[in-house]
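Below is one structure; the comments refer to it alone.
Chains as they are written, first to last, in full-length UniProt numbering: chain H, 1 to 279; chain P, 1 to 337; chain D, 1 to 333.
Pasting the structure below:
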């Protein structure tokens with residue numbers, strides 16, 4: 001990041017797409033935060049007659065058991081954001097660790113780690129996640145863990161590439177010549193230069209993780225005690241013919257959230273790497 | 001004076017600054033080129049040489065840049081007034097261009113022979129077999145060994161020098177009247193450079209075309225050009241025959257360019273052997289100072305240089321021009337010593 | 001030339017071999033990660049869980065043997081595609097999987113053709129009409145599609161085109177009981193294929209559109225495009241002959257990378273549309289807790305990725321002459 005952070009922020013703020021994304025995202029975050037206040041009875045509580053359409057006594061209608069869909073959306077937002085953020089955090093830690101070790105040390109370490117990375121990139125990640133969750137039993141932790149395990153590889157590859165290019169720069173070489181410790185060089189000299197790349201990749205990864213989670217819980221692989229958007233859609237399938245809103249509304253929630261995060265991620269990308277603007 | 005092969009008058013091309021205003025990158029340039037002549041256009045990078053070439057070809061990248069006036073007269077027509085369709089017929093047939101980077105100037109996914117014959121088929125109605133036969137001849141003409149074998153090969157099979165020969169074959173496919181060579185040898189090894197330039201010179205004489213040779217290498221100019229035109233900050237600041245130019249450049253910028261040449265046989269005629277870098281850099285074209293653009297770097301700057309824009313005026317012998325307030329004698333170089 | 005291609009293909013397969021091996025190893029240990037050993041799972045599946053029966057199963061499946069013996073026999077079995085027995089279906093895993101494989105291949109092949117085809121077209125249009133309304137509309141469409149969950153796209157298509165308009169069937173691969181035979185059957189399958197294939201294409205279409213647009217814009221700025229223009233080639237032909245082919249390369253690379261993602265997507269699409277392929281089988285095995293079957297599918301789908309990647313690399317050599325069949329030099333951009 002050679003630019004002053006003020007200019008980065010300015011570029012971000014001037015990007016209409018990124019601002020729209022940030023706005024939607026702020027709305028989702030606010031909804032998630034306010035869920036226990038808005039719907040203190042929780043999303044599983046049967047509060048009215050079943051199959052009430054939207055804009056009746058319930059804003060977004062009810063499902064086949066008379067549960068308030070709005071409550072599900074609000075509480076589901078908490079889970080989506082939680083899974084997205086925690087999984088991404090794990091992915092970033094894993095990917096940065098493995099990528100920077102491979103890129104910094106090169107040689108044998110690199111070839112072994114890259115072989116492992118290649119393995120994780122080849123294995124179909126969604127099926128891998130299904131297998132992992134099925135074996136570990138569905139729970140919030142196993143879902144997050146499974147998503148992280150099958151998703152870190154591309155980030156590791158990205159970080160490795162960046163680390164290699166930074167490692168060959170003169171000031172890093174001079175640190176090596178001065179006998180600075182490897183750990184210190186990686187942490188102090190190299191990683192700060194890689195951060196902007198990681199931030200952009202990670203922001204987009206939150207969106208992917210949310211899509212992943214919704215897919216898993218749609219297939220019935222979510223924590224059975226937690227209301228998620230994917231689960232709501234999966235449950236609503238049976239009543240699709242009569243109650244379209246049960247599948248439509250949670251889908252829009254996922255779409256808006258993922259879209260917002262993608263827009264913010266793209267905006268960050270343009271702000272941090274202005275040369276790549278056309279991409 | 002007989003009608004020149006190519007005549008450019010008051011050519012102006014503008015670029016858009018990040019802040020949205022338009023500024024000139026080619027600023028009122030005049031130029032004439034005779035058949036069989038090599039005119040060298042010299043100057044540092046960013047002085048507008050390449051944009052001059054692109055402007056003549058009408059290939060200025062849009063929407064970054066736009067033409068903003070002037071005339072480009074070729075065979076009695078003003079190229080700037082042609083429709084895009086008419087201009088396409090001119091490109092590659094009447095005026096051709098070769099570029100600096102032979103490594104990236106050829107389509108990596110198309111056999112080189114096809115890239116040559118494409119040029120022929122675009123301008124002349126002939127069968128693909130006929131075009132291929134002529135392309136093969138051209139490859140031979142530009143000195144590519146085993147042209148039949150090379151014909152079907154891809155650019156990555158060829159060395160930089162060979163690729164540049166292919167580029168020349170493409171450019172000369174339709175025997176153009178004018179060839180614009182934009183730093184044709186900058187990316188090549190020194191030995192290859194001489195071969196390619198000798199090839200261009202031979203073909204120029206055989207075909208009777210005129211070459212505009214854009215370069216920053218004064219050694220190349222001294223060896224191959226008949227006339228020299230110096231550009232600075234989008235303007236022509238000096239024009240002279242090669243002989244006169246190397247005999248004693250009039251503009252302080254020309255002197256500085258010449259002084260920065262390392263090769264011993266090219267030192268100034270007045271005995272200045274010291275190799276110097278030109279201090280400072282070309283000022284950003286969207287923020288040019290008032291007055292002479294070179295004033296900030298000029299060793300002989302005066303107060304009025306910062307106020308008055310020097311105009312191009314005849315200087316000494318026939319056809320010689322300079323735009324400097326202080327160049328007042330053919331030995332201007334001695335002033336201020 | 002074809003010999004060089006064949007040996008190239010074989011070398012690419014060989015390169016994937018360690019990965020296949022690693023998948024086998026991972027599979028072996030994944031089974032042992034599950035709560036209870038295979039015997040309890042199998043016994044549970046069979047519905048009889050007496051201690052004596054459990055011992056019998058353990059002995060039968062060699063679960064009383066030391067780990068390395070079990071591993072070796074597992075490896076030996078996998079080599080001949082013996083992936084165990086599905087009690088739920090009462091058949092071997094291998095026979096189940098191979099029966100379902102072609103439906104998945106049909107779905108994925110179609111979706112791949114649609115997504116790359118339309119993605120390239122839209123991306124090229126978006127680049128051609130950059131900063132114009134059409135270009136903006138395409139980019140907008142791609143951004144939104146890129147954020148839409150697959151299963152939801154499928155359900156929306158079902159609601160609109162199957163339930164409301166009645167244009168397409170809601171599920172399955174063929175009309176049950178219809179004995180149309182020959183061409184009629186092909187048309188029937190194609191009719192059933194439309195919605196699932198569109199659904200699976202959706203996300204990837206958006207991805208390839210964005211990629212193609214960026215790649216086009218980049219290629220348009222390249223030197224050889226200027227060369228073509230300087231030759232006097234008409235703009236349309238510049239784009240068709242010089243820009244498009246170069247710009248497609250990154251899309252092709254990405255299509256290879258995304259095969260594995262598409263397999264994951266097919267699990268979702270197949271379970272939404274009841275399309276009887278590997279994905280639906282995986283979904284069913286989840287519901288039935290049929291771990292053997294699930295791992296078999298996992299193994300085969302990994303193999304499928306390795307194989308398709310090799311094929312796509314080969315396709316790449318046909319498009320890009322810079323990839324030497326002899327070496328492994330990739331494009332370095």
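Built from N, CA and C at the ideal position, the CB exists for glycine as well.
Contacts with chain H at 9 Å (Cβ-Cβ) do not include residue 73 of chain D. Classified as exposed, residue 205 of chain P has fewer than 16 neighbouring CB atoms from the shown chains inside 10 Å of its CB. Counting only the Cα atoms, residue 117 of chain P lies some 9 Å from residue 129 of chain P.
Straight-line spacing of the CA atoms in residue 135 of chain P and residue 113 of chain P works out to 6 Å.
According to the DSSP assignment, residue 165 of chain P belongs to the alpha helix (DSSP H) that extends over 160-172. Taking the CA atoms as reference points, residue 288 of chain D sits about 57 Å from residue 236 of chain D.
Residue pairing of residue 86 of chain D in beta bridges, as defined by DSSP: D:91.
Within the segment 135-158 of chain P, contact with chain D at the beta-carbon level (separation under 8 Å) is assigned to 154, 156.
For residue 152 of chain H, there are no C-beta contacts with chain D under 8 Å, since the nearest C-beta of that chain is about 15 Å from it. Of the other Cβ atoms in all chains shown, 16 or more fall within 10 Å of the Cβ of residue 95 of chain H; this residue is therefore buried.
Flagged as an interface residue toward chain H: residue 152 of chain D, by a C-beta distance shorter than 9 Å. The count of Cβ pairs closer than 8 Å, one atom from the segment 213-232 of chain H and one from the segment 184-193 of chain H, stays below three, leaving the stretches out of contact. Taking the C-beta atoms as reference points, residue 151 of chain D is found nearer than 9 Å to residue 234 of chain H. The continuous stretches of alpha helix (DSSP H) do not include residue 55 of chain H, and DSSP gives it neither H nor E. The three-state reading of DSSP puts residue 142 of chain P in coil, since its state is none of H, G, I, E or B. Assignment of residue 129 of chain D by DSSP, reduced to helix, strand and coil, places it in the coil class. For residue 267 of chain D, the nearest beta carbon of chain H is closer than 9 Å to its own beta carbon. Within the segment 144-211 of chain D, complete alpha helix (DSSP H) segments of at least 4 residues are found at 150-157, given in chain order. For residue 205 of chain H, the nearest beta carbon of chain D is not closer than 9 Å to its own beta carbon. For residue 192 of chain H, the secondary structure class from DSSP, reduced to helix, strand or coil, is helix. Taking each of D:284, D:314, D:320, D:322 in turn and checking the Cα distance to residue 2 of chain D, the smallest one comes out for D:314. Put simply, the backbone Cα of residue 25 of chain H is about 25 Å away from that of residue 146 of chain H. When C-beta distances to chain H are compared with 9 Å, the residues of the segment 292-320 of chain D below that value are 294, 295, 297, 298, 301, 302, 304, 305, 306, 309, in chain order.
Using a CB distance below 8 Å, the part of the segment 127-156 of chain D facing chain H consists of 143, 144, 146, 147, 148, 149, 150, 151, 152, 155, 156, ordered along the chain. Secondary structure of residue 22 of chain P (DSSP, three-state): strand. Linking residue 152 of chain H to residue 92 of chain H through their CA atoms gives a straight-line distance of about 7 Å. Interface annotation, residue 14 of chain D: not in contact with chain P, CB-CB separation never under 9 Å. In the assembly as shown, residue 120 of chain P is a buried residue. Its beta-carbon has 16 or more other beta-carbons within 10 Å.
Interface residue (Cβ-Cβ distance to chain H less than 9 Å): residue 225 of chain D is not classified as such.
9 Å or more divides the Cβ of residue 130 of chain H from the Cβ of residue 303 of chain D.
Under DSSP, no beta-bridge partner is assigned to residue 91 of chain H.
Separation of the CB atoms of residue 71 of chain H and residue 39 of chain H is rounded to 4 Å, and the pair is thereby assigned contact status at 8 Å. In the three-state reduction of the DSSP assignment, residue 321 of chain P falls in the strand class, which pools E and B. Of all residues in the segment 100-118 of chain P, the ones placed with a Cβ closer than 7 Å to any Cβ belonging to chain D are 101, 104, 105, 106, 107, 108, 109, 118, in chain order. Contact between residue 245 of chain H and residue 60 of chain H holds, since their C-beta atoms are separated by about 7 Å, short of 8 Å. Setting aside the 5 residues that flank it on each side, residue 296 of chain D is surrounded in the same chain by 83, 93, 97, each with a C-beta closer than 6 Å to its C-beta; the list follows chain order.
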